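Anchor point for the sequence shown: position 39 equals 63 in my numbering, and the numbering is continuous, going up by one each time.
For glycine and all other residues, C-beta sits at the position ideal for the given N, C-alpha and C.
Since we're looking at a predicted model, the values are computed, not measured.
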Amino acid sequence: MRAEPTCPRCGGRLHAPSLWSSDWSCDAHGAVLPRQPPKRPSAVGLAAVLAEARVPVWVPWPLPHGWLVTGFCSVGDERSGARACTVALTGPGLLSGPADMLLIAEEPGIGLGAYYAGLDGPDPGVGFDSSPPHGKLDVQGPTGSGGHSVPVWAVPAKPDRAVYAGEAMGNWLWVVLWPAEAGVLILEQPHLLDLREPGMELDLPYGAFTPRLNP
């Protein structure tokens, strides 16, 4: 696991702020917010993400049968707070071997979801939502606002994964799954909770750290 921040759009090395610039910068993408080293799956790792989160920290609840939380990742620094947050999960695959899921909430333009999808741009792209949605997620809103359904669309991605994107609470919501056939989990319309909300002290089951979060 790398110890230094990286570019959220390409995983590359960043130049730290200096006397000449207050921005983190990537040779390929210019000024970006830094993707922090991933955090181990534990209550301590979750608490560190929640302390800085400025976007939802989504988790499906109840978890699919046999699934475990396997890591966290965020984008931002002490000045900006975390403007993108990822929760990683791993569980039994549909055919053989394990399956992995990343749930990503991010402000527009960050590019973390697109990076995990294997896209060149920072967002899903123009017209990705021009067809009827390919699935829906039940999202629990802020305390007192109740839940609602969020439509998501399949986004063209690398052939080894399935990617869905939509918008929830003013931020992008990405679901990235490996292998591609694990994308059928979306058809079950998972119920997502924002762990920032009061009363969300869930007894999450943790597993081994997933290498999917590494740059």
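To the nearest angstrom, report how far apart residue i and residue j are at their CA atoms.
i, j, result
"residue 185", "residue 211", "16 Å"
"residue 207", "residue 164", "21 Å"
"residue 160", "residue 42", "44 Å"
"residue 144", "residue 158", "22 Å"
"residue 61", "residue 202", "21 Å"
"residue 32", "residue 40", "14 Å"
"residue 80", "residue 216", "10 Å"
"residue 66", "residue 89", "19 Å"
"residue 124", "residue 50", "28 Å"
"residue 174", "residue 213", "10 Å"
Among the options, which one has its Cα closest to the Cα of residue i?
i, options, result
"residue 182", "38, 157, 235, 139", "139"
"residue 29", "91, 177, 101, 82", "101"
"residue 86", "120, 227, 27", "227"
"residue 106", "120, 195, 172", "195"
"residue 235", "180, 122, 55, 58", "122"
"residue 244", "84, 220, 154", "For residue 244 there is no data in the structure shown, the boundaries of the chain being 25 and 239."
Secondary structure at residue i, three-state DSSP: helix, strand or coil?
i, result
"residue 27", "coil"
"residue 210", "helix"
"residue 235", "helix"
"residue 205", "helix"
"residue 43", "coil"
"residue 182", "coil"
"residue 191", "strand"
According to the neighbour-count rule (16 or more other Cβ atoms, all chains shown, within 10 Å of its Cβ), is residue i buried or exposed?
i, result
"residue 218", "buried"
"residue 36", "exposed"
"residue 98", "buried"
"residue 135", "buried"
Considering only residues of the stretch 50-93, which uninterrupted alpha helix (DSSP H) runs meet the minimum length of 4 residues and lie entirely inside it, listed in chain order? 67-76
Pick out the complete alpha helix (DSSP H) segments inside the stretch 85-153, 4 residues or longer, and give them in chain order. 136-141
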